Amino acid sequence: MSFMMQVRRRNMHITIVPIHEANDDIIFFEEKSCTEFGKVQLIPKGEELIVYIGIGQDSLTLENIRFLGGISRKSLANAKEDAAVSAEFSLIMNRAENPELGQVISSFMEGWYLAEYQFSSYKRAPKLNQLTMRWEEESLREYDQAARIRANAVNLARDLCNEPANKLTPTTYAERLKQVFRETDVTVQVIDGDELVSNEFAGIHTVAKGSSEPAKLVVLTLDRDASKEKIALVGKGVTFDSGGTNVKTGKDIGEMKMDMGGSAAVAGAMKLLADSDTAANVVAILPLVENLADGNAFLPSDIIRYRNGLHVEVGNTDAEGRLILADGLLYAQLLGAKTIVDIATLTGSIGSALGLKAAGVFSNAESDLWHYKQLGDQTGDYVWPMPVYDDYLHYLKSDCGDVNNMSSSPYGGAITAALFLKQFVEKGIKWVHIDMANTVRPWREQGYYVPGASGFGVRLLFEMVRSELAQSQI
């Protein structure tokens, strides 16, 4: 099965309709196009361009529909003129697992807008033609608007991750966030300089010592309902990670400009919460640092004392993300959060365990892990439940501190990293950790994915917050 889009080059008009056996246009099909999901065929016919995209599945998930939206937009990327576009969603609705019109339209358009994304700030690249969806029924515009809001939030995270390291420093990052949230209900607080030391942000201060770029702690607060239990989002914001004294090697070290992917996901989620008018009490904590090595840099064997009295021995300066996240977790609890979700490009080990399509999700509330997987399936930000074995504290033993930031075992690195973070979570606090080191880029540039960062985590965090809010009302 497939659907057909008719495109008029001057007043571009797209119609998605079932292709009936009696339809003469069927002769234009290659048989494979009818059955292969996402297979695109463009057929000129007079003044029109017929775009065939194969469905090839008995039923479609919302993520499938997003992919079809992205594929549709990409197939029209080379159209010569800007145009208005209209579409009929009858066939997609009939094949969707959840056939609510709003979800189908919103998912399709979300993929459409995500596929339009380009990061071309520093290159001479032709802009995509402008295609504007035209809705004959005014009531359908709200679904299109919801899709645009979601896509814009994901694209914010993409923008942040794609910025070069010399353009997105802790200082410029903090200023960028002030601009992003200037006209929203989100307040932005920046803690830096001596205030980091006096307020006992020991991990952030220590990791940043080797860089000429001063560290920043950005706190984003969205308090639309103080009666609701406070939820905290904590995102790792290492704007470049050289590894510090334990310097990284390898040709792909330039990828370390994206070691702030967790913080970007949190920023995008906060933008989505703000723009979608979600009634929530959420605080986001973003520790922003560069991890470089100069004469002032922290060293293996250094001891860091945290505000909860825990002493950490630095076993490896390239395990810096957990050191700054520990500050974020402690500060979230100081601010009164009862549920904390942290997200970080934390370990290469998670990619070894899960490949490049799904991030790992850990929690001290294990019964919720499969629910988070379900949310990941729905949003396209895939996660897979991972264990946190307290027995593995054996691998984090320190001769001169309470805990080491580096495991003594080459195995289970993502688990021991999560276990390290767990040491900074008090009893009675719900904690979720997402290791997204393997998903900061798309595993394949297909569907609505384009070159550069994936924007992973924005939609997942948004839905996790909404889920927590719903549970608190039961």
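Counting in the numbering used here, the sequence shown tops out at residue 721, every number present. Note that CB positions come from ideal geometry on N, CA and C, so glycine has one too. As the structure is a prediction and not an experimental result, all values here were calculated from the model.
For residue i, collect the residues of the same chain with a Cβ closer than 6 Å to its Cβ; drop the 5 residues on either side in sequence, then sort them by chain order.
i, result
"Lys-425", "Val-435"
"Thr-308", "Glu-344"
"Ser-354", "Leu-309, Ile-312, Arg-313"
"Phe-275", "Since pLDDT at Phe-275 reaches only 46, below the 50 mark, its modelled position is unreliable, and the value read off the structure follows with that caveat. Taken in chain order, the residues that qualify are Ile-290."
"Ser-322", "Val-287, Val-298"
"Met-248", "Residue placement at Met-248 cannot be trusted, given a pLDDT of 48 that sits under 50; the coordinates are not used to answer."
Residue i to residue j, Cα distance in whole Å?
i, j, result
"Thr-540", "Lys-456", "The amino acid at residue 540 is misidentified as Thr; the sequence shows Ala. So the alpha carbons of these two residues sit roughly 8 Å apart."
"Glu-712", "Pro-657", "For the sequence presented, residue 712 should be read as Val rather than Glu. Approximately 34 Å between the Cα atoms of the pair."
"Leu-780", "Val-588", "Residue 780 is absent from the structure shown; the chain starts at 248 and stops at 721."
"Tyr-695", "Glu-560", "43 Å"
"Ala-684", "Ser-701", "12 Å"
"Val-437", "Leu-533", "10 Å"
"Gln-377", "Arg-691", "25 Å"
"Asn-555", "Leu-577", "8 Å"
"Ala-393", "Ser-523", "8 Å"
"Ser-458", "Asp-565", "14 Å"
"Val-351", "Ser-386", "14 Å"
"Ala-412", "Gln-720", "43 Å"
"Ala-584", "Met-517", "16 Å"
"Lys-674", "Ala-612", "11 Å"
"Glu-537", "Glu-502", "14 Å"
"Trp-359", "Leu-622", "21 Å"
"Pro-698", "Glu-715", "33 Å"
"Thr-379", "Leu-315", "17 Å"
"Asp-432", "Asp-638", "44 Å"
"Ala-398", "Gln-670", "36 Å"
Would residue i and residue j qualify as a contact pair, given that the criterion is a beta-carbon distance under 8 Å?
i, j, result
"Pro-547", "Asn-563", "yes"
"Ser-510", "Gly-490", "no"
"Met-356", "Leu-348", "no"
"Thr-416", "Thr-486", "yes"
"Val-650", "Gly-515", "no"
"Ala-579", "Val-705", "no"
"Val-530", "Thr-468", "yes"
"Ala-512", "Ala-404", "yes"
"Phe-709", "Thr-686", "no"
"Val-672", "Ile-571", "no"
"Met-633", "Gly-602", "no"
"Asp-549", "Phe-448", "no"
Apply the 10 Å Cβ neighbour rule to residue i and answer buried if 16 or more other Cβ atoms are within range, or exposed otherwise.
i, result
"Val-494", "exposed"
"Ser-596", "buried"
"Asp-745", "Within the shown structure, residues of the chain are numbered from 248 to 721, placing residue 745 beyond reach of any answer."
"Ser-367", "exposed"
"Asn-543", "exposed"
"Tyr-553", "buried"
"Lys-504", "buried"
"Ser-610", "buried"
Looking only at its chain, what residues have a beta carbon closer than 8 Å to the beta carbon of residue i, apart from the 5 residues adjacent to it on each side?
i, result
"Leu-443", "Ile-451, His-452, Ala-462, Leu-464"
"Ile-396", "Leu-519, Asp-522, Ser-523"
Excluding the 5 residues preceding and the 5 following residue i in the sequence, name in chain order all residues of the same chain whose CB lies nearer than 7 Å to its CB.
i, result
"Gly-660", "Thr-594, Ser-596, Ser-654"
"Ile-318", "Gly-285, Val-287, Ile-300, Gly-694"
"Phe-667", "Arg-569, Leu-643, Val-650, Asn-652"
"Tyr-364", "Asn-402, Arg-405, Val-697"
**Message:** Pairs of beta-carbons, one from the segment 584-604 and one from the segment 669-680, closer than 8 Å: are there three or more?
**Reply:** Because the criterion of three Cβ pairs below 8 Å is met, the segment 584-604 and the segment 669-680 touch.
**Message:** Using a Cβ distance threshold of 8 Å, determine whether the segment 498-505 contacts the segment 468-477, with at least three qualifying pairs required.
**Reply:** The segment 498-505 makes no contact with the segment 468-477; the number of CB pairs closer than 8 Å stays below 3.
**Request:** Determine, using beta-carbon pairs with one atom in the segment 641-650 and one in the segment 612-630, whether at least three such pairs fall under 8 Å.
**Result:** Contact between the segment 641-650 and the segment 612-630 is absent, because fewer than three Cβ pairs lie under 8 Å.
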